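Taking it in order: structure first as structure tokens, then the write-up.
Here you go:
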């Protein structure tokens, strides 16, 4: 809390946010979410057919602590676009429904056949830097 | 243990004049709708940060989830 000298986890998180245009911090992974809020948020992104990085915060409680300290956002999930916190599950859901999310991501809102297989919607691999540092 | 009434009171005393509805099926997961003129000029993220900040340290703990909808009158 008081140490500002060296904080490798926070640095890794900041870097991941800088280096990935769309990055979701969640519980679990997009394929195996461990919480309903994270699941819904990842699903909204996947249905927009846009690549995104996903970071599972569960392996180390310090990831969440540092992320929340950095973002001033206490809960998970957290979505960042272009380095900025877009919001948590509620805001992303609202923005998805209104089309604002597609706009923010620069993609087309899927207005038909939402049940179709979201081809190519596989999320980008998680930034391994974070997990590597913690292993 | 948190209660809907307690959350509502906390939000209302921090945002005088706000219209606040809080619901919870289990006193762990909460849904709140807050309408306040204090939100004017704030981004949605800032509005949520303001409300969630009132429960600093309790969110994710005894308040497992606080689903929020914030609006200006």
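Chains as they are written, first to last, in our numbering: chain A, 4 to 138; chain B, 25 to 97. We put the beta carbon where it would ideally sit given N, CA and C, even for glycine. Every value quoted in this text rests on a predicted model; they were computed, and no experiment measured them.
For the pair residue 112(A) and residue 26(B), the Cα-to-Cα distance works out to about 39 Å. With a threshold of 16 other beta carbon atoms within 10 Å, residue 96(B) falls short and is exposed.
Around the C-beta of residue 70(B), fewer than 16 other C-beta atoms lie within 10 Å, and the residue is accordingly described as exposed.
The region 62 to 73 of chain A makes no contact with the region 37 to 47 of chain B: fewer than 3 CB pairs, one atom from each, lie closer than 8 Å.
Taking residue 58(A) as reference, the option from 101(A), 106(A), 82(A) and 94(A) with the minimal CA-CA separation is 82(A). At least 8 Å separates the beta-carbon of residue 32(A) from that of residue 83(B).
Considered as a whole, the region 37 to 109 of chain A harbours 56 to 59, 81 to 84 and 87 to 90 as its complete beta strand (DSSP E) runs of no fewer than 3 residues, in chain order. Taking 8 Å as the CB threshold, residue 42(B) stays off the interface with chain A. Per DSSP, residue 35(B) is one residue of the alpha helix (DSSP H) stretching across 28 to 38.
Residues of the same chain with a CB within less than 7 Å of the CB of residue 96(A), apart from the 5 flanking positions on each side, are 43 and 47 in chain order. Neighbours of residue 69(B) in chain A, taken as residues at a C-beta separation under 8 Å, are given in chain order as 76, 88, 89, 90 and 94.
When DSSP reads this structure, residue 31(A) sits in a beta bridge with 36(A).
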